[in-house]
Amino acid sequence: MKQFFVTLFGSIIGVIIGSILTLFILIFGLIGLITAMGANAAEDTGLPAGRFVLEVDLREGRLDQPTRSPFAFAETVSVVDMVRLLDRAGRDSRVAGLFIRANEFGMTPAQAEEINRAIAAFRATDRPVIVHSQGFVGTSVTNYLAISSADEIWLQDTASIATSGLAGEVPFYGGTLERFEVDAEFIRFLEYKNAPNTYTETGFTPEHLEATLSYFGSIYDAALTNAAAGRNLGVDAFRTLIESAPHSAEMAAESGLVDQLGHVAAARQAAIDRAGGNVAMADIEDYRFSGALNEHGPRIALIEGQGAIVTGPGISSPFGGDPVIGSDSMAEAITNAASASAIRAIVLRVDSPGGSSVASDQIWDAIQRAQERGIPVVVSMGGAAASGGYYIAAPADYIVANATTITGSIGVYGGKISLGETFGLIGVNFEEVAVGGEFATANSASSPWTEGQRAAVEAQLAEIYEDFTQRVADGREIDIETVREIARGRVWTGEQALENGLVDEIGGFLEAVAAARRLAGIEEDQTVNLQRFPRERTPFEAFQELFGISAEGAQSLSRLNALMNSPEVQALMEARQSAGAGNELRARSVQPR
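Per the working numbering, numbering through the sequence shown is continuous, rising by one, with the last residue being 627.
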C-alpha cells in the first residue's frame, strides 16, 4: 500500500513537472523565434540599394510613444518615432521624397499637429511630399491638418471630404444614480475640476460648459490656422470650406482642399515621378529597422511616460495592454539618466491625463534631484499633460507643448459611490462592523460619509491642492496668487497655457530636443544621440516580470531545456521509462479493491 501511494504521488509530481517543463519549452522556443526574427530584421532591412521614396501609412492608430516591449515586433511606429524618422529622412540623401496614405477616420489633434509639423520640415528640404486620401469620413478638421503641408493631396474620385468642426458628447449619470438611490459623494478643488460631474450631475455646470467650449474653440482655431497655412489659403476662406462640408471629390478639387483626383496607384507613381523617376519605394517600418535612429553625437536622455500615473513600477504585460506611468520606474529612469556621465540633458515626453498625486510627487522629486546634479530637464507634452501629468512637468527647466495639447487641470478631487440604499431596494441589507476609529468605514461602499469623515477627506484634498499649486508656483516661478487664479482644476490647451505662463513654447518633440540641446550647451547644428531610459527589456527580463522569475533563472531554464533535449539525456529518460514500466504494473496489481 505504501509503495502504491509513493508511486501515485510520484506520478502526479511527474505530470506537474512535465507540464511546467513543457510550458517553459514553449516559452523559450517563442523567445528563440522572436530573437531570430529580430536578428534577421537587423540583417535584412528591406531598404533599396539606391535612392527611394519613403512611404508612410497614417491609417493605423498610433500610440504617442512606443511600448518598448521585446515582443512588439509588429508594432506600428509611434508618433514620437514617426517625427524622429521624418526628421532623419530630411537629413538623409537617400530619401528622394515622401508618399503618405492619409488617415480616414481621425487622430488626436496633437498627433495631427505634430505630424503636420514634421511633414512641413521635410518639405522645406525641397523634396516632394505626395499624399493620397480615400476620404475623410465624419472626422474633424484636425485629421485634415495632419497632411495639409504636403505638396500635393490626392483624393480618390469616388470619395468625399467630410471634415468638420469639433463636437463631443458627455454622458451624465446623475439622474440614473438618483433613480436607483445611489449616493455619489465627491469633493473637488476647485469648481472647474469637472470629472466628478459625470456621476453627480444631469448636465453641464456653468464652469464645466465654459471650460469645454473654451478649449474646443482653442483647438479648432489652431487647427484651422495651421491647416490653412499648409494649403496657402486664408483662414476665413478655409473656415468657410470646413463649415460647409461635406464636399464631393469634384467640389474638393475645385475649392483647393485637394490637388488631384485619382487612385492610390496613380498617386504613388506621381510621387516617384516627382522624385526624379527611377527610384524605389521603401516603407517607414523598414527605415526604422535599418537603424535610422541610431545617430552619434552628444547624448541626451529620452524618458517617455504614457497613460495614467500610478505608484510602483507600473509594469504591464509584455504582450500589450494600456500603458501606465509607474512612479518607481520613471523616477529610477530619471535618476539613472542624471547619474550617467555621458548624459548632457533629459527630455521627458509626457502624455498623461493624470493619476495618483503621491506617484506624481515621487517623479517631481526625481526631476528636482536631477537638476541639482546640473542636468537640465525639458518636458515635451504629447496629447495631454493634465492634472498629475502637469504636476510632473511643472519643475522642468523648459516645457514645450503642442497648441492643441490638453494641459493644466491643476486641481484634485476625491469621492465614493455608496450602494447601500440601492441594494435595499432588492432586500439586501449591509451591517457594518468596525474598530479603530470613525475613519475605518470611510471607504465603505454601503454607507455615505459621516460629517467627520467628509471633513477629514476634504482636509486631505485641500492639502494636496495646496501642495500642487505651490509646486507649480515654484517650478514656473509664478507668484502663488497667479497660480491659484489659473488653477482651480481648469483645463487649458497648450496655446492657452503659453498665455498663462504654464509652458514656454508651442512646438513638438523636436522643438523639445532643440531646447535640451541649447540648455546643455550643444551646438545647434550638431547631431545628438537620443538614448532611451530605461533601456529596452530583453525577452528574459520581460518574462521575469511576467512570471516572477529572475533573468538568471530564465536563462538557467533555457539551458536546462537544451540539456533535456540532448541525445544523452533523452536516451537516459527512455531507459528510465522502460525500467519503470514493470514497477507501474506491480503497483497496479496490489491496488485495494
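Note that the Cβ used here is the ideal one computed from N, Cα and C, for glycine as well.
**Request:** Buried or exposed for Ala299, please, with buried defined as at least 16 other CB atoms from any protein chain shown within 10 angstroms of its CB.
**Result:** For the purposes of this step, residue 299 is taken as the residue at position 265 of the sequence shown. It is exposed - the Cβ of Ala299 has fewer than 16 other Cβ atoms within 10 Å.
**Asked** For the beta strand (DSSP E) that Thr246 lies in, which residues bound it at each end?
**Response** Taking the first residue of the sequence shown as position 1, residue 246 is located at position 212. No beta strand (DSSP E) holds Thr246; the alpha helix (DSSP H) holding it covers Pro240 to Gly264.
**Prompt:** Can you give the Cα-Cα distance for Gly331 and Val562, rounded to whole angstroms?
**Reply:** For the purposes of this step, residue 331 is taken as the residue at position 297 of the sequence shown. For the purposes of this step, residue 562 is taken as the residue at position 528 of the sequence shown. Using only the alpha carbons, I get a separation of about 5 Å.
**Request:** For His281, count neighbouring C-beta atoms within 10 Å of its own C-beta (all shown protein chains included) and say buried if the count is 16 or more, exposed if not.
**Result:** Numbered from 1 along the sequence shown, position 247 holds the residue referred to as residue 281. Buried: at least 16 other Cβ atoms inside 10 Å.
**Request:** Using a threshold of 8 Å, state whether the C-beta atoms of Leu97 and Gln340 are closer than that.
**Result:** Looking up residue 97 in the sequence shown gives position 63. Looking up residue 340 in the sequence shown gives position 306. For Leu97 and Gln340, yes; Cβs fall inside 8 Å.
**Asked** Beta-carbon separation of Asp293 and Glu186 under 8 Å?
**Response** Here residue 293 is taken as the residue at index 259 of the sequence shown, counted from 1. Here residue 186 is taken as the residue at index 152 of the sequence shown, counted from 1. Yes, the pair counts as a contact, with Cβ atoms nearer than the cut-off.
**Message:** In whole angstroms, give me the CA-to-CA distance for Gly189 and Met141.
**Reply:** The residue given as residue 189 occupies position 155 in the sequence shown. The residue given as residue 141 occupies position 107 in the sequence shown. Strictly speaking, residue 189 in this sequence is Leu, with Gly absent from that position. Roughly 19 Å between the two C-alpha positions.
**Prompt:** Taking the alpha carbon of Ile318 as the point to measure from, which residue in Ala309, Thr197 and Val87 has its own alpha carbon closest?
**Reply:** What you label residue 318 is simply residue 284 of the sequence shown in a count that begins at 1. With distances taken between Cα atoms, Ile318 lies closest to Val87.
**Request:** Identify every residue that forms a DSSP beta bridge with Lys450.
**Result:** Stepping through the sequence shown from its first residue, residue 450 is reached at position 416. For Lys450, which the question treats as bridged, DSSP gives the partners Glu219.
**Message:** At the level of alpha carbons, what is the spacing between Ala279 and Ala286?
**Reply:** The residue given as residue 279 occupies position 245 in the sequence shown. The residue given as residue 286 occupies position 252 in the sequence shown. Spanning the two alpha carbons is a distance of roughly 9 Å.
**Message:** Across the region 430-448 and the region 403-412, are there enough close Cβ pairs to call them in contact, namely three or more that are closer than 8 Å?
**Reply:** yes
**Backbone secondary structure at Ala585 - three-state DSSP** = The residue you call residue 585 lines up with position 551 of the sequence shown. With a pLDDT of 47 at Ala585, under the threshold of 50, the predicted position of this residue should be treated as unreliable, though the coordinate-derived value follows. Reduced to three states, the DSSP call for Ala585 is helix.
**Request:** Determine the contact status of Phe502 and Ile444, defining contact as a CB-CB distance below 8 Å.
**Result:** Position 468 of the sequence shown, counted from the first residue, corresponds to residue 502. Position 410 of the sequence shown, counted from the first residue, corresponds to residue 444. Their beta carbons are under 8 Å apart, which means Phe502 touches Ile444 by this criterion.
**Request:** Taking only the alpha-carbon atoms, compute the straight-line gap between Ser167 and Ala326 and give it to the nearest angstrom.
**Result:** Numbered from 1 along the sequence shown, position 133 holds the residue referred to as residue 167. Numbered from 1 along the sequence shown, position 292 holds the residue referred to as residue 326. In a straight line, the C-alpha of Ser167 is about 27 Å away from that of Ala326.
**Message:** Which residue wins for smallest C-alpha separation from Gly389, given the options Ala342, Val175 and Tyr424?
**Reply:** What you label residue 389 is simply residue 355 of the sequence shown in a count that begins at 1. Of the candidates Ala342, Val175 and Tyr424, the one whose C-alpha sits nearest the C-alpha of Gly389 is Ala342.
**Prompt:** Is Gly341 helix, strand or coil by DSSP?
**Reply:** For the purposes of this step, residue 341 is taken as residue 307 along the sequence shown, with counting starting at 1. Reduced to three states, the DSSP call for Gly341 is coil.
**Request:** Could you tell me whether the Cβ atoms of Asp399 and Ala283 are closer together than 8 Å?
**Result:** The residue given as residue 399 occupies position 365 in the sequence shown. The residue given as residue 283 occupies position 249 in the sequence shown. Cβ distance not < 8 Å, so Asp399 and Ala283 don't count as in contact.
**Prompt:** Between Ile337 and Arg378, is the Cβ-Cβ spacing less than 8 Å?
**Reply:** Here residue 337 refers to the residue found at position 303 of the sequence shown. Here residue 378 refers to the residue found at position 344 of the sequence shown. Result no, Cβ atoms of Ile337 and Arg378 do not sit closer than 8 Å.
**Request:** Could you say which of Glu557, Ala420 and Ala365 lies nearest to Ile401 if we only look at CA atoms?
**Result:** On the sequence shown, position 367 is the one that residue 401 refers to. Ile401 has its Cα closest to that of Ala365, out of Glu557, Ala420 and Ala365.
**Message:** Let me confirm a value: Asn137 is counted as buried when at least 16 other C-beta atoms fall within 10 Å, else exposed. Which label applies?
**Reply:** Looking up residue 137 in the sequence shown gives position 103. By the 10 Å Cβ count, Asn137 comes out buried.
**Message:** Does Asp385 pass the burial test, meaning 16 or more other C-beta atoms within 10 Å, or should it be called exposed?
**Reply:** Position 351 of the sequence shown, counted from the start, is the residue given in the question as residue 385. Flag for Asp385 reads buried.
**Request:** Just confirm the distance between the C-beta atoms of Glu147 and Leu179, as a whole number of angstroms; I'd bet it's less than 8 Å.
**Result:** Translated into positions along the sequence shown, residue 147 becomes position 113. Translated into positions along the sequence shown, residue 179 becomes position 145. Going by Cβ atoms, the distance from Glu147 to Leu179 rounds to 6 Å, so yes, they are a contact pair.
**Request:** Within its chain, find whatever has a CB closer than 8 Å to the CB of Val392; leave out the 5 residues flanking it on each side and keep chain order.
**Result:** The sequence position of residue 392 within the sequence shown is 358, counting from 1. Hits under 8 Å: Thr345 and Ser361.
**Request:** Pick helix, strand or coil for Phe457, following the three-state DSSP scheme.
**Result:** Residue mapping note: residue 457 aligns to position 423 of the sequence shown, counting from 1. Helix, per DSSP.
**Secondary structure of Arg407, DSSP reduced to three states** = Position 373 of the sequence shown holds residue 407. Coil, per DSSP.
**Where the beta strand (DSSP E) containing Gln565 begins and where it ends** = Looking up residue 565 in the sequence shown gives position 531. From DSSP, the beta strand (DSSP E) with Gln565 extends over Asn563 to Arg566.
**Message:** Looking at the strands, I want to know which residues DSSP matches up with Glu472.
**Reply:** As a position in the sequence shown, residue 472 is number 438, starting the count at 1. Its beta-bridge partners do not exist; DSSP assigns none.
**Request:** Determine, using beta carbons only, whether Ala218 and Leu224 come nearer to each other than 8 Å.
**Result:** If you number the sequence shown from 1, residue 218 lands on position 184. If you number the sequence shown from 1, residue 224 lands on position 190. No, Cβ-Cβ distance for Ala218 and Leu224 is not below 8 Å.
**Message:** Considering just the uninterrupted stretch of the alpha helix (DSSP H) at Asp307, what are its terminal residues?
**Reply:** The sequence position of residue 307 within the sequence shown is 273, counting from 1. That run of the alpha helix (DSSP H) goes Val298 to Arg308.
**Request:** Only counting runs of 3 or more residues, tell me where the beta strand (DSSP E) segments fall wholly within the region 525-549, in order along the chain.
**Result:** 525-527
**Request:** Starting from Ala316, trace the alpha helix (DSSP H) both ways and give me its first and last residue.
**Result:** Taking the first residue of the sequence shown as 1, we reach residue 316 at position 282. Per DSSP, Ala316 belongs to no alpha helix (DSSP H); it is in the beta strand (DSSP E), Ala314 to Asp317.
**Asked** Tell me, which residues are paired with Tyr432 by DSSP?
**Response** Residue 432 sits at position 398 when you count from the first residue of the sequence shown. DSSP, once it has assigned bridges, lists Val412 as partnering Tyr432.
**Item:** Range covered by the alpha helix (DSSP H) that runs through Ile368
**Value:** Sequence index remark: in the sequence shown, residue 368 carries index 334 (1-based). Here the alpha helix (DSSP H) through Ile368 covers Ser361 to Ser373.
**Request:** Measure the Cβ-Cβ separation of Phe170 and Ala201 and say whether it is below 8 Å.
**Result:** Counted from its first residue, the sequence shown places residue 170 at position 136. Counted from its first residue, the sequence shown places residue 201 at position 167. For Phe170 and Ala201, no; Cβs fall outside 8 Å.
**Rounded Cβ spacing between Ser363 and Pro387 (contact assumed at less than 8 Å)** = Within the sequence shown, residue 363 is the residue found at index 329, counting from 1. Within the sequence shown, residue 387 is the residue found at index 353, counting from 1. So it is not a contact: roughly 18 Å between Cβ atoms.
**Prompt:** Quick one: what's got a C-beta closer than 7 Å to Gly268's C-beta in the same chain, skipping five residues either side?
**Reply:** Residue mapping note: residue 268 aligns to position 234 of the sequence shown, counting from 1. Cβ neighbours of Gly268 beyond the five flanking positions: Ala262.
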